[in-house]
Amino acid sequence: MSRMIYLDHAATSFPKAPGVAEAVAHHLGADAGNPARGGHRLSVAASRAVEGCREAVAGLLGADPGRTFLGPGATFWLNTVLASLLGGGGRAVVSALEHNAVMRPLRHLEARRKAIIAVVHGAGSTGVPSPEEVATEVRRAPTSVVVLTHASNVSGAVLPVAQIARAVAPVPVVVDAAQTAGSLPMDFAAMGVAALACSGHKGLLGPAGTGVLLLDRSTAGRLEPLIRGGTGSRSESEEMPELLPDRLEAGTPNTPGFAGLEAACRWLAREGVEGLHEHQMKLRERLANRLGAIHGVRLWGHRPGAPGIPVLSFTVDGLDNGELAAWLDRERGLMLRVGLHCAPAAHRRLGSFPGGTLRAGIGPFLDEEDVDALVAAVKDALSGN
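Given below as structure tokens:
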């Protein structure tokens, strides 16, 4: 077997940013106290690790550190926001490209809290809704929230969330940025959205079990915590404190993970997200052009020149997705995602349901040789070599 080529960056990044593993190891070996739960040196060191991460993430994503919240993942924060905004019922307008991190909480609220879900399918081939399409759906009935993925984890297509937020104002827009934070240059304050949740382990190149929530001022004052418990503050009260970020961050945090996430964000800030994105998109277009030229290969949701992230989904006529993915891994060292990618709604919209696709997720440390190896392997698989 040839060398390992990791092409599943959209599921989780590998390798992590330089310095991440060292930061995690240093924290566990030297600073592993419980933050805000004591005045001794290890507790203080752990508190500094958490706050250092908060500041690094906020700086990278253009957010206010005072409204930047750290937790176990984007899914946790999406559940927090949606349960708070729709817990008493209401209407949510969503795109047809949403991940189950959005759709499963919404379906739960639909069944248990009588929330109403309206889906905008988008007129184009990629399923990306225009601001006008979303605004038209919002005007059909009183709407509590618009929920949008920032980019499809199936096709890589980017949604115009800032323009949609302007078109539907004052209805709040909640963004699932699991696929874009760290992969696209981002300025949360300029986007005009109410809330943005992202993973720490994907484009941000940090450890698993980390996630971030960014809130505007109005939404920060409205949210109820999803879980309640110790915060290290206001311990005389058996009610959750009102002060932020404590109100939304109950329980002992993943301090080693946040130490690693801080290192990742500072590396990204030094390297420049824009340049890294440009490199990855060049590789994606090279892969799309070369795979698309092979007879029997179909690209799903790809539109050359449109805003995107370095994700490409494809299928090969006559070859089972799962069997091909297993062969690529076993024989060529190529690791891709296969199936529905936790986004059945997107596959239904694109027409690749129920079989799904093979998905190449390109990371910042890959090069032309890596994507060309996938092209050559697909050719060989088609020819039976």
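Sequential numbering of the sequence shown, starting at 442, is according to this note's numbering. Built from N, CA and C at the ideal position, the CB exists for glycine as well.
The beta strand (DSSP E) with residue i in it runs from where to where?
{"i": "Ala638", "result": "Ala636 to Ser640"}
{"i": "Thr756", "result": "Val752 to Val757"}
{"i": "Ile557", "result": "Ala556 to Val561"}
{"i": "Arg478", "result": "That residue, Arg478, is in no beta strand (DSSP E); it is neither H nor E in DSSP."}
{"i": "Leu689", "result": "That residue, Leu689, is in no beta strand (DSSP E); it is neither H nor E in DSSP."}
{"i": "Leu823", "result": "That residue, Leu823, is in no beta strand (DSSP E); its alpha helix (DSSP H) goes Glu809 to Ser824."}
{"i": "Ala610", "result": "From DSSP, Ala610 is part of no beta strand (DSSP E); its letter is neither H nor E."}
{"i": "Ala533", "result": "Gly531 to Ser536"}
{"i": "Arg778", "result": "Arg778 to Gly780"}
Using 10 angstroms around the beta-carbon of residue i, count the other beta-carbons present and answer buried if the total reaches 16, otherwise exposed.
{"i": "Met442", "result": "Here the model assigns Met442 a pLDDT of 47, short of 50, so the residue's position is not dependable and the matter cannot be decided."}
{"i": "Met632", "result": "buried"}
{"i": "Asn730", "result": "exposed"}
{"i": "Ala466", "result": "exposed"}
{"i": "His642", "result": "buried"}
{"i": "His788", "result": "buried"}
{"i": "His540", "result": "buried"}
{"i": "Gly713", "result": "exposed"}
{"i": "Arg707", "result": "buried"}
{"i": "Leu469", "result": "exposed"}
{"i": "Glu573", "result": "exposed"}
{"i": "Arg482", "result": "exposed"}
{"i": "Ser824", "result": "exposed"}
{"i": "Ala814", "result": "buried"}
{"i": "Gly530", "result": "exposed"}
{"i": "Asp808", "result": "exposed"}
{"i": "Leu702", "result": "buried"}
{"i": "Gly737", "result": "exposed"}
{"i": "Ile605", "result": "buried"}
{"i": "Ala556", "result": "buried"}
{"i": "Gly644", "result": "buried"}
{"i": "Glu773", "result": "With the sequence shown as reference, residue 773 is identified as Arg, and Glu is not the correct amino acid for it. Buried: at least 16 other Cβ atoms inside 10 Å."}
Specify, as a first and last residue, the run of the alpha helix (DSSP H) that residue i falls within.
{"i": "Arg482", "result": "Arg482 to Leu502"}
{"i": "Gly701", "result": "Thr696 to Glu712"}
{"i": "Gly763", "result": "Asn762 to Arg773"}
{"i": "Thr798", "result": "Here Thr798 belongs to no alpha helix (DSSP H); instead the beta strand (DSSP E) covers Thr798 to Gly802."}
{"i": "Ala576", "result": "Pro572 to Arg581"}
{"i": "Thr521", "result": "Ala515 to Leu527"}
{"i": "Val599", "result": "That residue, Val599, is in no alpha helix (DSSP H); it is neither H nor E in DSSP."}
{"i": "Met681", "result": "Per DSSP, Met681 belongs to no alpha helix (DSSP H) and is neither H nor E."}
{"i": "Pro546", "result": "Asn541 to Arg553"}
Do residue i and residue j have their CB atoms nearer than 9 Å?
{"i": "Gly742", "j": "Ser536", "result": "no"}
{"i": "Ala618", "j": "Ala515", "result": "yes"}
{"i": "Val534", "j": "Val579", "result": "yes"}
{"i": "Phe829", "j": "Ala490", "result": "This structure leaves residue 829 out entirely; the chain is present only between 442 and 826."}
{"i": "Gly528", "j": "Arg545", "result": "no"}
{"i": "Leu646", "j": "Ala710", "result": "no"}
{"i": "His782", "j": "Ala542", "result": "no"}
{"i": "Leu769", "j": "Ala691", "result": "no"}
{"i": "Ala638", "j": "Gly652", "result": "yes"}
{"i": "Ser640", "j": "Gln721", "result": "no"}
{"i": "Pro682", "j": "Ala473", "result": "no"}
{"i": "Arg532", "j": "Ala564", "result": "no"}
{"i": "Val816", "j": "Ile735", "result": "yes"}
{"i": "Gly716", "j": "Arg478", "result": "no"}
{"i": "Asn475", "j": "Ala464", "result": "no"}
{"i": "Leu724", "j": "Pro751", "result": "yes"}
{"i": "Leu502", "j": "Leu664", "result": "no"}
{"i": "Arg778", "j": "Ala786", "result": "no"}
{"i": "Phe517", "j": "Leu667", "result": "yes"}
{"i": "Ala622", "j": "Ala576", "result": "no"}
{"i": "Gly650", "j": "Pro459", "result": "no"}
Would you say residue i touches the ligand PLP, meaning its beta carbon is less than 8 Å from a heavy atom?
{"i": "His743", "result": "The ligand PLP is not part of this structure, which contains no ligands at all."}
Based on the DSSP output, what are the partners of residue i in its beta bridges?
{"i": "Phe510", "result": "Leu654"}
{"i": "Gly716", "result": "In the DSSP output, where bridge partners are listed per residue, Gly716 has none listed."}
{"i": "Arg739", "result": "Thr756"}
{"i": "Gly474", "result": "Gly474 is not bridged to any residue."}
{"i": "Ala622", "result": "Leu625"}
{"i": "Asp617", "result": "Thr590 and Ala638"}
{"i": "Asp449", "result": "Gly802"}
{"i": "Gly749", "result": "Ala598"}
**Prompt:** If we count Cβ pairs, one from each stretch, closer than 8 Å, do we get three or more for the segment 791-805 versus the segment 753-764?
**Reply:** yes
**Request:** Evaluate the contact criterion for the segment 502-510 versus the segment 674-686: three or more CB pairs, one atom per stretch, below 8 Å.
**Result:** yes
**Message:** Pairs of beta-carbons, one from the segment 800-812 and one from the segment 443-462, closer than 8 Å: are there three or more?
**Reply:** yes
**Request:** For the segment 602-622 and the segment 572-588, state whether three or more C-beta atom pairs, one from each stretch, are separated by less than 8 Å.
**Result:** yes
**Message:** Does the segment 566-579 come into contact with the segment 598-607, if we say contact requires no fewer than three beta-carbon pairs (one atom in each stretch) closer than 8 Å?
**Reply:** yes
**Prompt:** For the 8 Å Cβ check, are there 3 or more pairs between the segment 735-751 and the segment 648-661?
**Reply:** no
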